[in-house]
Structures are given as C-alpha cells and as structure tokens.
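The structure under discussion appears below in the form of structure tokens.
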Amino acid sequence: MPSTRILIFAKAPVSGRVKTRLIPALGADGAARLAGHLLRLALDRALAAGVGPVELCMSPAPGHPDWGGIVLPAGLDTSDQGDGDLGERMARAARRRIEAGEAVLLTGTDCPGLDAGRLRVAAARLATHDAVFHPARDGGYPLLGLNVFHPGLFADMPWSTPAVAALTRERMAALGWRVWEGETLRDIDTPEDLRAGPIPGFALE
C-alpha cells in the first residue's frame, strides 16, 4: 500500500475574508476566529491520525503576510494552492502526490466531525479501494481519498452547490472505481450549521 498523505486546503483566517456566510451571526472577527479554530483542529487531528505526512495547502502562499502570527504545528509540510478554481487546485495537488507514489486524503477545515479516527479508517480503506469519500449534509464532501488520479473528477464541477457529492459519485462510478463511502458529516458554513450542534473547543460569544 502506498504511503497516505493528508492534504488540507485552507485560507488564511483573516477577518472579512473567511467564513463570510457566518459574518451575520458572528461578525467578521468572530468568523475569522472560528476559521482559525477549525484550521488548528483540522491540523491537530490530521497529525494525530498518524497515517502519513500532513500537508497544508495554503491560500495565499506560505510566507504571505496574511499568515503572519498564525502558529502552525511542528511536523507539517506546506505548499501554495496556486491559481484556479477549487477543482483545479485540488487536482493539481492530488496529481502531484499520486504521481510521486502516494495515496492522498483531500480535505478542508470546515468539518469538525472529521476526527483522527475517521481519517484512520479512510486511509485504511484506501488499501482496497480506488477512492474513499465522506459526503456532507449540504451536498458537498469534507473528505475525498484517492489512490488513482483522473482529471474528470474535478473539472467542470459546480463547487459550493448541493450537486457536488452526487456528481462525484456518478463520475467515480463511470470510471469503474471501487469506492468506499463513509457516513454523512456536517460542514460549518452557515448560521444554521452553528445551531446544529457544538463545535469541539469553540465557544460562541
């Protein structure tokens, strides 16, 4: 089985630029505080999972002033997400690592339910599947794991719509891939998501 690398895609948690749909509920500073908390939670859990290297794919690039003052944990690889829509950025990172002989788990920072245990299970399922997948309640997905790469999985996808998970399933089925699908999880994107349950370690003010 190839080594499994967790690729975490994140924006710098700058007030007014992240979690903008939550600004009506939390204010710009509160939304940025939540984004920073979710970033730390995702990184800590990925490292705790112990399935392989953890890489933070950053926007803007590492070293940009927006990341000033953000303390990242030790043992973390970093990279620049680069240009393009989400699909182009994810495809570029996945292809780079898969062509280097690694399996990948692609995730963001929006899903507090994606804990170290679920990451370990997903990595283990990649031993016998081409792809693994956790859908989200909003129709997207907080986790996609791949042993193989195909650009059609990411191209012309209506990102940030309820169609993403269903279209991803259809495309993987059309490729004939063996796919393991885990339970549906909750992303934190809207005020309604905040009311759906507590966020570990985060207190609403």
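So in this note's numbering, the last one in the sequence shown is 190, and the numbering has no gaps at all. Glycine included, C-beta positions come from ideal geometry on N, C-alpha and C. Being a predicted model, the structure only gives us computed values, none of them experimental.
Own chain residues within Cβ distance below 7 Å of residue 67, not counting five before or after: For the purposes of this step, residue 67 is taken as the residue at position 82 of the sequence shown. If we look at residue 67 and ignore the five residues flanking it on each side, its Cβ neighbours are 74 and 77.
Helix, strand or coil at residue 3 [DSSP, three-state]: Here the question's residue 3 lines up with position 18 in the sequence shown. Looking at residue 3 - three-state DSSP - the assignment turns out to be coil, as it is neither helix nor strand.
The segment -14 to -2 / the segment 21 to 41 touching (three or more Cβ pairs under 8 Å): yes
Buried versus exposed call for residue 19 [16 or more other C-beta atoms within 10 Å across all chains shown]: Counting from one through the sequence shown, the residue named residue 19 turns up at place 34. Buried is the call here.
Rounded straight-line distance, which links the Cα of residue 25 to that of residue 110: Walking along the sequence shown from the start, residue 110 turns up at place 125. Walking along the sequence shown from the start, residue 25 turns up at place 40. Between residue 110 and residue 25, the C-alpha separation is close to 25 Å.
For residue 53 and residue 125, the rounded distance between their alpha carbons: As a working mapping, residue 125 is identified with position 140 in the sequence shown. As a working mapping, residue 53 is identified with position 68 in the sequence shown. One C-alpha to the other measures close to 30 Å.
Boundaries (first-last residue) of the beta strand (DSSP E) holding residue 63: Indexing the sequence shown from 1 puts residue 63 at position 78. Per DSSP, residue 63 belongs to the beta strand (DSSP E) from 62 to 65.
Range covered by the beta strand (DSSP E) that runs through residue -10: Here residue -10 refers to the residue found at position 5 when the sequence shown is read from its first residue. First-last of the beta strand (DSSP E) with residue -10: -11 to -4.
Range of the contiguous alpha helix (DSSP H) that encloses residue 152: For this step, residue 152 is matched to residue 167 along the sequence shown. Residue 152 -> alpha helix (DSSP H) spans 149 to 159.
Proximity to residue 163 [Cα-Cα], best of 171, 154 and 6: Position 178 of the sequence shown, counted from the first residue, corresponds to residue 163. Of the candidates 171, 154 and 6, the one whose C-alpha sits nearest the C-alpha of residue 163 is 154.
When -4, 144, 187 and 175 are compared against residue 42, the one with the closest alpha-carbon: Residue mapping note: residue 42 aligns to position 57 of the sequence shown, counting from 1. Nearest C-alpha to residue 42: -4.
Own chain residues within Cβ distance below 6 Å of residue 47, not counting five before or after: Looking up residue 47 in the sequence shown gives position 62. Excluding residues within five positions, the ones whose Cβ falls inside 6 Å are 63.
Residue 90 and residue 127 closer than 7 Å at C-beta: Within the sequence shown, numbered from 1, the residue matching residue 90 stands at position 105. Within the sequence shown, numbered from 1, the residue matching residue 127 stands at position 142. Against a cut-off of 7 Å, the Cβ pair of residue 127 and residue 90 comes out as no contact.
In chain order, each beta strand (DSSP E) run of at least 3 residues that lies wholly inside the segment 25 to 97: 39 to 44, 62 to 65 and 88 to 92
Identity of the residues DSSP links to residue 164 by a beta bridge: One-based indexing of the sequence shown puts residue 164 at position 179. The partner list for residue 164 (beta bridge, DSSP) reads 116.
Where residue 137 falls: helix, strand or coil (DSSP): Position 152 of the sequence shown, counted from the first residue, corresponds to residue 137. DSSP places residue 137 in helix when its eight states are reduced to three.
Neighbour-count burial assignment, residue 58, 16 or more Cβ in a 10 Å radius: On the sequence shown, residue 58 is found 73 positions in, with the first residue counted as 1. By the neighbour-count rule (16 or more Cβ atoms within 10 Å), residue 58 is not buried but exposed.
When 160, 83, 170 and 142 are compared against residue 104, the one with the closest alpha-carbon: For the purposes of this step, residue 104 is taken as the residue at position 119 of the sequence shown. Here the closest residue by C-alpha is 170.
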